[in-house]
Amino acid sequence: MRLDKTVDGADEAVADIPQGASLAVGGFGLCGIPSVLIAALLRRNAGGFKVVSNNCGVDDWGLGLLLGAGRIARMTSSYVGENKEFARQYLSGELEVELVPQGTLAERLRAGGSGIPAFYTPAGAGTQIGQGGLPWRYGPHGQVAVASPPKETRAFAGREYLMEEAITTDYALVRATIGDRHGNLVFHSSARNFNPLAAMAGRVTIAEVEHLVEPGELGPDEVHLPGVFVQRVVRVPPDDPAAERRIERRCVRAEREGGAGHGAHS
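Under my numbering, the first residue of the sequence shown is numbered 701, with each subsequent residue one higher.
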């Protein structure tokens, strides 16, 4: 593997992602999502993707763009509440969905990147998550066509635990604030959510970075994810519309009578 992992652009970076590939995608809500790489993937004809991500964006941004174009066949997520098209496709049987507790999803990705095939967790023990039967895919008439299987259980110190298998994917798409040409990455604040975990799980990890620096400019203690987990680095053009940082839900407090308005967003 060459030390300089930079590629000329997002289109080149995703050019070899084939039909039906599995993808781990970083981000939480719309925070820290690899929107430039998602836009590049949307420009290709490939689809049928099996995506692992905390959520599926919103109807008009992030992974929601791929979903709306019919490019996603299966989602493994922990939260899907902001996407109406997601709900429509799932309930109509167009989309297979595996819902996973958020901490379990994070650990399954981390385990995959660490070479740990499975682990035990108390999350979901004694519920349908462990017992099986959750609808993964509906049939054309609303019947359950594919259901979750039961999970192996084991007791430790008198408490029941579920065995959860690690997740690895063909590719991973992540976004970092700073990256060097060797693939060492730094994430800003809460964008350091699922990005490092998704990057670890991908056999080929592609990182879009807002600021590209030379090797040696990042101190060892600054690096959040070492370059050993990253195969390709793309600098995000500052004028690329796909690089926009959107707010998932904006809340504004009404102006008070006789005083200045106070605004807030999240």
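Here a beta-carbon is modelled for each residue, glycine too, at the ideal position from N, C-alpha and C.
In angstroms, rounded to a whole number, what distance separates the CA positions of residue i and residue j?
i	j	result
G729	G815	27 Å
A769	F786	12 Å
G747	V780	20 Å
A891	L737	16 Å
D759	N783	5 Å
R932	G902	12 Å
T706	L925	16 Å
G764	M775	11 Å
L766	D708	23 Å
C731	G842	34 Å
G832	N754	21 Å
G762	V752	13 Å
G813	E955	49 Å
F899	N893	For clarity, residue 899 is Ala in the given sequence; the question names Phe instead. C-alpha separation (whole angstroms): 11 Å.
R788	S778	17 Å
T827	I878	41 Å
V797	A724	15 Å
Looking only at its chain, what residues have a beta carbon closer than 6 Å to the beta carbon of residue i, apart from the 5 residues adjacent to it on each side?
i	result
P817	A866
L897	A806, L809 and R810
L918	D880 and N884
N930	The sequence given here places Val at residue 930; Asn does not occur at that position. So the qualifying residues of the chain are G883, T905 and A907.
N895	G726, G732, V874 and F887
A710	V736, L737, A740 and V934
Note down, in chain order, each residue of its chain lying with its Cβ closer than 7 Å to the Cβ of residue i, except the 5 sequence neighbours on either side.
i	result
F819	E807, A811 and E864
R859	P822
G793	R837, Y838, G839, P840 and A845
A882	A quick correction: the sequence has His, not Ala, at residue 882. Answer for H882: L703, K705, P915 and G927, listed in chain order.
Let me check understanding here. Comparing Cα to Cα, which of the options lies closest to residue i?
i	options	result
L873	T827, V714, V913 and L765	V714
D716	K784, L741 and A898	L741
R744	G720, A724, C756 and G727	G720
G757	Q831, S792 and G727	G727
L862	D711, P850 and Q789	P850
P835	Y790, A857 and T827	Y790
I829	V752, A847 and Q843	A847
A939	V928, D921 and E910	Looking at the sequence itself, residue 939 is Asp, so the reference to Ala does not match. When each option's Cα is compared against that of D939, the closest is E910.
A876	S735, A739, E908 and V913	E908
F749	P920, N893, D870 and I906	D870
L795	I772, G813, S777 and S778	I772
V913	S778, V934 and I733	V934
E968	S735, T827 and A710	Because the chain spans 701 through 966 in this model, residue 968 falls outside it and cannot be assessed.
Exposed or buried, residue i, counting other C-beta atoms within 10 Å across all chains shown (16 or more means buried)?
i	result
T868	buried
S966	The predicted position of S966 is uncertain, since its pLDDT is 39 and thus under 50; no value can be drawn from it.
V936	buried
F856	exposed
E712	exposed
S722	buried
P920	exposed
L718	Reading the sequence as shown, one finds Pro at residue 718 and not Leu. Under this definition P718 is an exposed residue.
Excluding sequence positions up to five away, which residues of its chain have a Cβ less than 8 Å from the Cβ of residue i?
i	result
A964	Note that A964 has pLDDT 44, beneath the 50 cutoff, so the model's placement of it is unreliable and the number below is only indicative. Excluding positions up to five away in sequence, the list reads C951, V952 and R953.
V672	An answer regarding residue 672 cannot be provided, because it is not within the stretch 701 to 966 covered by the chain.
T853	A825, G830, E860, Y861, L862 and M863
task: Take every Cβ of the region 788-802, pair it with every Cβ of the region 880-888, and state whether three or more of those distances are shorter than 8 Å.
output: no
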